[in-house]
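The structure appears right after this line, and notes come after that.
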Amino acid sequence: MPFRSGFVCILGRPNAGKSTLLNALVGEKLAIISPKPQTTRNRIQGVVHVPKRKGKGGGQIVLVDTPGVHKPDSSLGRKMMVEVREALEGCDLVLVIMDVTRKFDPRDQFALDLLRRPKTKAFLILNKVDLIREKSKLLPLIEQYRKLYDFAEVVPISALKRNGLDTLLEMVIATLPAGPAYFPEDQVTDQPARFMAAEIIREQLLLNTSEEIPYATTVMVENFEEGARLTRIAATIYCEREGQKGILVGKGGLMLKKIGTSARLQIERMLGTKVFLELYVKAEPRWRDSRRFVEELDWRRQLEQRMFERGTPQHSGTEPSAREDRNEDRQEDSKEEPVAHAGRIANGDDDPTKD
Ligand code: GDP
Ligand code: MG
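For what it's worth, this note's numbering labels the leading residue of the sequence shown as 2, then goes sequentially.
Quick look at the structure:
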């Protein structure tokens with residue numbers, strides 16, 4: 002039995018359960034999850050190491066989570082769709098994930114249309130089957146989907162309850178070509194801890210705010226100094242209006258404190274150090290429509306830029322209070338470590354799905 006490996010892209014409309022599936026398969030929390038659609042804004046890679054078992058060869062699955070597919074209406078939305086297309090191009094298999102509790106709608110069709118172009122090998126993943134009592138109700142659904150695309154397999158699962166995942170992994174491995182392990186075994190993601198920290202803060206924003214605020218906010222980590230016992234992080238939460246800023250700060254700063262404390266505890270767990278987290282809130286009108294701003298959010302780009310400017314990555318602190326010019330500030334520090342890695346940093350340069 003050869004060792005098999007490849008890139009597997011998870012595709013589906015917002016809220017189908019893509020991030021939940023990624024986390025369940027990888028076994029660690031890589032992608033932030035919330036009940037609000039469009040939580041995932043960047044491509045996320047998770048690595049699943051499948052050990053050799055009786056009669057079955059082992060393998061490595063590099064999972065790429067995508068932002069939920071939707072018709073873009075802003076620079077941020079367009080950037081998200083570029084991410085989806087780029088992810089699709091370099092992958093060996095696509096898992097099209099559908100929420101079985103929802104009717105098929107134009108957004109699902111949009112996802113299938115994306116598939117047709119490069120004629121990719123795809124599995125249909127019927128997710129959230131835990132919410133369906135009579136499993137026979139799935140059959141007409143399967144029929145319907147099979148007519149729309151020539152899926153290699155149809156796999157019912159519950160990403161949340163972790164049902165059907167072993168079968169899914171087996172089927173995925175069997176489909177992938179014989180190939181090398183792309184990542185060392187103790188590495189589960191190529192995301193820098195700095196980006197993960199920003200995502201954890203953003204998750205708390207999503208959980209603690211409502212209406213338009215989750216969509217109007219984003220987080221940039223301005224400073225990230227990792228020490229053996231203490232990590233100092235300074236981050237800015239950008240919103241679009243002064244009114245939103247007021248809500249985010251809250252009465253007597255209570256809301257910001259709540260978001261900060263919850264995020265800090267999670268980041269501490271991720272890094273295994275104490276964390277000193279400073280949060281700032283800033284209104285940046287119409288940031289979602291600013292191409293420059295949205296591009297700056299992209300950590301791969303940020304990393305590349307910093308490496309380019311400095312020659313080699315290095316480490317220096319910044320004074321969080323003197324942060325008027327966002328640009329200059331973010332180029333300051335550059336100690337990027339992927340989570341749970343030992344050895345070389347796998348950043349954008351090593352990412353085979355990247356163009
Ligand atoms: P994404 O937008 O496709 O990444 O979706 P998420 O993974 O963020 O999940 C959206 C919502 O669906 C969250 O509230 C999840 O807890 C929920 N969810 C995901 N998978 C399942 C599942 O198998 N069963 C149930 N009941 N809920 C699920
Ligand atoms: Mg997601």
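No residue lacks a Cβ here, since even glycine has one placed at the ideal position from N, Cα and C.
Simplified DSSP state of Asn128, which is helix, strand or coil: strand
Ranges of the alpha helix (DSSP H) found wholly within the region 218 to 296, counting only runs of at least 4: 243 to 250 and 255 to 272
contact_flag[the region 193 to 202, the region 14 to 22] where n(CB pairs < 8 Å) is 3 or more: no
Own chain partners of Ser322 with C-beta closer than 7 Å, once the 5 adjacent residues on each side are dropped: Here Ser322 scores only 32 on pLDDT, less than 50, and its place in the model is too uncertain to base an answer on.
Any non-hydrogen atom of ligand 1 closer than 7 Å to Ile209 Cβ: Note that residue 209 corresponds to Asn in the displayed sequence, not to Ile. Not so, every heavy atom of ligand 1 lies at least 7 Å from the Cβ.
Unbroken beta strand (DSSP E) run spanning Leu12, endpoints: Arg5 to Leu12
Cut-off 7 Å between Cβ atoms - residues of its own chain near Asp100, not counting five sequence neighbours on either side: Asn16, Ala17, Gly18, Asn128 and Lys129
Secondary structure of Ala179, DSSP reduced to three states: strand
Proximity below 8 Å, CB of Leu177 to CB of Asp66: no
Beta bridge counterpart(s) of Ser159 as assigned by DSSP: Asn164
One or two residues paired with Val51 in a DSSP bridge: Gly60
Expected contact under 8 Å - CB spacing of Ile1 and Leu12 to nearest Å: Because residue 1 is not part of the residues shown, which for the chain are 2 to 356, the question remains open.
Euclidean distance between Cα positions of Ile238 and Asp109: 32 Å
Residue environment, Pro3, which counts as buried when at least 16 other CB atoms sit within 10 Å: exposed
CB of Gly180 within 8 Å of CB of Gly7, strictly: yes
Extent of the continuous beta strand (DSSP E) to which Asp100 belongs: Leu94 to Asp100
Distance between beta carbons of Pro286 and Glu241, contact taken as under 8 Å: 6 Å
Buried versus exposed, by CB contacts within 10 Å (16 or more), Glu223: buried
Asp326 versus Ala160: straight-line alpha-carbon distance, rounded: With a pLDDT of 32 at Asp326, under the threshold of 50, the predicted position of this residue should be treated as unreliable, though the coordinate-derived value follows. Spanning the two alpha carbons is a distance of roughly 42 Å.
Thr219 to Glu87 span [Cα, whole Å]: 22 Å
Inter-residue spacing [alpha-carbon to alpha-carbon] between Arg345 and Phe184: For Arg345, the predicted model reports a pLDDT of 24, less than 50, meaning its position is unreliable; a value from the coordinates is still stated below. So the two alpha carbons sit approximately 10 Å from each other.
Extent of the continuous alpha helix (DSSP H) to which Tyr146 belongs: Leu139 to Leu149
Exposure label - Glu320; buried when at least 16 CB within 10 Å: Confidence at Glu320 is low in this model, with a pLDDT of 31, below 50, so its placement is unreliable and the value that follows should be read with caution. By the 10 Å Cβ count, Glu320 comes out exposed.
Check: Thr21 C-beta below 7 Å from any heavy atom of ligand 1: yes
Selection from Met172, Leu266 and Met82 that minimises the alpha carbon distance to Pro157: Met172
Residue environment, Gln332, which counts as buried when at least 16 other CB atoms sit within 10 Å: At Gln332 the pLDDT is 32, less than 50, meaning the model places this residue with poor confidence; the figure from the coordinates comes in the next sentence. Exposed: under 16 other Cβ atoms inside 10 Å.
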